[in-house]
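Visitor: Residues 3 to 565 in my numbering are what the sequence shown spells out, letter by letter.
In this text, a Cβ means the ideal position worked out from N, Cα and C, and glycines have one as well.
Handing you a structure now.
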Amino acid sequence: MTRSQHLRVWQREAFEQYQRAQPRDFLTVATPGAGKTTFALTIAADLLARGIVERIVIVTPTDHLKTQWALAASGIGIMLDPALAGSGVLGRDFQGFAVTYAGLAVNPNAYRARVEHRATLVILDEVHHAADALTWGDAVQESCEPAVRRLALTGTPFRSDDNPIPFVRYAAQTDGTMTSVADFSYGYGHALKDRVVRPVFFMAYSGQMHWRTRAGDEVAARLGEPLDRAATAQALRTALDPNGSWIPEVLTAAHTRLMEVRRDVPDAGGLVIASDQDTARQYAAVLADITGSTPTVVLSDESGASSRIADFSAGMTPWMVAVRMVSEGVDIPRLSVGVYATTTATPLYFAQAVGRFVRARRKGETASIFVPSVPALLALASDLEALRDHVIGRPVSDEGDLFAAEDELLAKANEEPGSADQLGEYRALGSDASFDRMVYDGGEFGYDSMSDDDGELDFLGIPGLLDHDQVAELLRASRAKRARAKGASARPDADVAFEKRSELRRELHALVGAWHHRTGAPHGVTHNRLRQHCGGPAAAQASSAQLQERIDAIRAWALKASG
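In structure tokens, the structure reads:
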């Protein structure tokens, strides 16, 4: 017996298409948060009920997802063992089991024997992972080939490599490439219109960056301004340095946003996605200082990572910091605010990360994701609704790796005798953060296009008040109104005031950097100390008078330390 009567519209359409075709292989591409698990388990329950299959095998990217699938399956009466080893014995109470792609690769012949022994449906969750390594792809091909039915699921089939995904059909294109062919597709744009997923606001933050290159040169540049690839990578690395001011200021803004959301959604949570484990721990320490509470930290190589995710998902803790453990597949519906503090900018990883925030629980919910204002990320945010397929046979580029150019130059220089000593080490010297623009519904809304009417902007993102189309219309109307007002009242002295404020911020930034070199105090700590001493908001929002007061204060500290 199936539960098709409880399916969403897209799930019912896909289920009916599957029923008509009764294919051996079926690829479903559905945006994260759309409900792929429910759809797949409905297929499984139907095939079991009709006697077409006797066993269900779920293949997942992570151990955590094995348990998640087993729990979901038990809800409709299918008992799966999420802990079965390759040589273990499946208990009589179980109708199948779950295994990871890595586990499958350990002993593919043993799993092939299991699949051959009983008529089996294999569900390949996030099937693009089967192409992560040649051994994984070979193992999936070998072990799952005898299956009576294979159901492949993914929210992000596109990859940057040339490895074909097992059991996926590819169609020849006129340019000589091969493109994956989905049997059923349900994109983010469609899901947004159906209110199956939340709309996402991307809050892009820029700021002044200051760093020393490996060649020993000191560089100052604004994050997001036109730079060559290596300089863009270094500017981003400087922004993400936990000892600078960019991270504390952006985390403060994100926490403020989360607290506003929690006024209406008390269990709303936030997630910071870090590049590596060391910075994840440091971000957690910064968040603890800002919020007064210890965030959940999830690191993939530490025991208990899956249980910490489960505890966070079911709890009320405001923040989680993680590297890759929650980049894909993990279901934490209460996530509402995110900080994308990683250097990875591939379309695949970005879409997986954003997918953690889009699951809707009630009408009118939105998600806010804070991102560095760099072209690669802003382009991905603007193209969120674009449907992509996996293309093989074209040149593979490293456009998503913002550090590729810098690392390439370093590797080349190291080939020359004595060059490594001359290069020295890259070092972030300081940063600050300022709001740059908001990306929503494929459009960009800069600070100057946002409404001055607090009552108007308060509607943005408050659960239950405005839907996707209304928010977009409000933003566009605000932009048009601001443009008209700006054209009618532009004054030369406004530019002078803006320039003065920018000069004061640069001066304060330089003084904080000098204080860091003198005392070792992190930039963010010094900025927070100045705010406590002088009052007022973060430097990005401070007035000229407030900035001057902080400059005078830090100069007084320096004189006192010298005396």
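Anyone know if the C-beta pair for Y172 and V142 falls short of 8 Å?
Guide: No, the Cβ-Cβ distance between Y172 and V142 is not below 8 Å.
Visitor: Could you tell me which of I78, H119, T137, L82 sits nearest to L106, measuring between CA atoms?
Guide: The shortest C-alpha separation from L106 is found at T137.
Visitor: Identify the residues that DSSP records as bridge partners of F186: which are they?
Guide: Answer is T30.
Visitor: Got a sec? Which residues, its chain only, sit under 7 Å from L282 by beta carbon, not counting five neighbours each side?
Guide: The displayed chain sequence assigns Ala, not Leu, to residue 282. A276, V299, L301, V323, A324, V325.
Visitor: Throw me the rounded Cβ distance for the A270 and S338 pair, which I believe falls under 8 Å.
Guide: Rounded, the Cβ-Cβ distance is 4 Å, consistent with contact.
Visitor: For A206 versus D48, is the C-beta spacing smaller than 8 Å?
Guide: Cβ atoms of A206 and D48: not closer than 8 Å.
Visitor: Going along the chain, which residues of its own chain have a beta-carbon closer than 6 Å to the beta-carbon of V252, five neighbours each way excluded?
Guide: Here the set comprises Y207, F372, A435.
Visitor: List the endpoints of the continuous alpha helix (DSSP H) containing H66.
Guide: Here the alpha helix (DSSP H) through H66 covers 65-76.
Visitor: Which first and last residues belong to the alpha helix (DSSP H) in which I45 is found?
Guide: Residues 38-51.
Visitor: Looking only at its own chain, which residues have a Cβ that is under 8 Å from the Cβ of L229, when we skip the five neighbours before and after it?
Guide: Here the set comprises A223, A237.
Visitor: Can you say whether R336 is buried or exposed, counting buried as having 16 or more other CB atoms within 10 angstroms of its CB?
Guide: R336 is buried by the Cβ-count criterion.
Visitor: In the DSSP assignment, find the unbroken beta strand (DSSP E) run with R123 in it and report its ends.
Guide: In the sequence as presented, Arg is not what sits at residue 123; that position holds Leu. 122-126 is the extent of the beta strand (DSSP E) around L123.
Visitor: Could you name the residues of the same chain whose beta carbon sits closer than 7 Å to that of T293, not counting the 5 residues immediately before and after it, in chain order?
Guide: If we look at T293 and ignore the five residues flanking it on each side, its Cβ neighbours are H257, P320, W321.
Visitor: Let me know if M440 comes out buried or exposed under the rule of 16 or more other beta-carbons within 10 Å of its beta-carbon.
Guide: Per the 10 Å Cβ criterion, buried.
Visitor: If contact is defined by three or more beta carbon pairs under 8 Å, each pair taking one atom from either stretch, is the region 54-63 in contact with the region 113-127?
Guide: Touching, yes.
Visitor: Report the residue from T176, L155, S182 whose alpha carbon sits nearest the alpha carbon of P166.
Guide: Closest option to P166, Cα to Cα, is S182.
Visitor: Determine the burial state of R152: buried for a count of at least 16 other Cβ atoms within 10 Å of its Cβ, exposed for fewer.
Guide: Classification for R152: buried.
Visitor: How should G306 be labelled, buried or exposed, when 16 other C-beta atoms within 10 angstroms of its C-beta is the threshold for buried?
Guide: When all chains shown are included, G306 counts as exposed.
Visitor: Starting from P374 and walking both ways along the alpha helix (DSSP H), at which residues does that stretch end?
Guide: P374 -> not in any alpha helix (DSSP H); beta strand (DSSP E) instead, spanning 369-374.
Visitor: What residue range does the beta strand (DSSP E) around M440 cover?
Guide: Here the beta strand (DSSP E) through M440 covers 436-442.
Visitor: Indicate the three-state DSSP secondary structure (helix, strand or coil) for Y428 in the structure shown.
Guide: The answer is coil: DSSP assigns Y428 none of H, G, I, E or B.
Visitor: Given T69, which residues of its chain have a CB within under 6 Å of its CB, disregarding the five upstream and five downstream residues?
Guide: Closer than 6 Å at the Cβ level, and outside the excluded window around T69, lie P84.
Visitor: Have a look at N530 and R361 and give me their C-alpha separation to the nearest angstrom.
Guide: About 35 Å.
Visitor: Classify A492: buried if its beta carbon has 16 or more other beta carbons within 10 angstroms, exposed otherwise.
Guide: Residue placement at A492 cannot be trusted, given a pLDDT of 49 that sits under 50; the coordinates are not used to answer.
Visitor: Give the single residue among M261, A217, L126, L67 whose Cα lies nearest to the Cα of A46.
Guide: Comparing Cα-Cα distances from A46 to each of M261, A217, L126, L67, the minimum goes to L126.
Visitor: Would you kindly check if the distance between the Cβ of H66 and the Cβ of S308 is under 8 Å?
Guide: Result yes, Cβ atoms of S308 and H66 sit closer than 8 Å.
Visitor: So, for T296: in the same chain, excluding its five sequence neighbours on each side, which residues have a beta-carbon less than 6 Å away from its beta-carbon?
Guide: A290.
Visitor: Given a threshold of 16 other Cβ atoms within 10 Å of its Cβ, counted over all protein chains shown, does D91 qualify as buried or as exposed?
Guide: For clarity, residue 91 is Val in the given sequence; the question names Asp instead. That one is exposed.
Visitor: Just to check my reading of the structure: F41 and Q13 have Cβ atoms closer than 8 Å, yes? What is that Cβ distance to the nearest angstrom?
Guide: 4 Å between Cβ atoms; contact.
Visitor: What residues are listed by DSSP as bridge partners for E509?
Guide: Per DSSP, none; premise fails for E509.
Visitor: Taking buried to mean at least 16 other C-beta atoms within 10 Å of its own C-beta, is N245 buried or exposed?
Guide: It is buried - the Cβ of N245 has at least 16 other Cβ atoms within 10 Å.
Visitor: Buried or exposed: E220, going by 16 or more other Cβ atoms within 10 Å of its Cβ?
Guide: It is exposed - the Cβ of E220 has fewer than 16 other Cβ atoms within 10 Å.
Visitor: According to DSSP, simplified to helix, strand and coil, what is D456?
Guide: In this prediction, D456 has a pLDDT of 41, which is less than 50 and means its spatial position is unreliable; what the coordinates show is noted afterwards. In the structure shown, D456 sits in a helix (DSSP, three-state: H, G or I).
Visitor: According to DSSP, simplified to helix, strand and coil, what is L253?
Guide: L253: helix per DSSP, three-state reduction.
Visitor: Using the Cα positions of V274 and A287, report the straight-line distance between them to the nearest angstrom.
Guide: Each residue's alpha carbon lies about 12 Å from the other.
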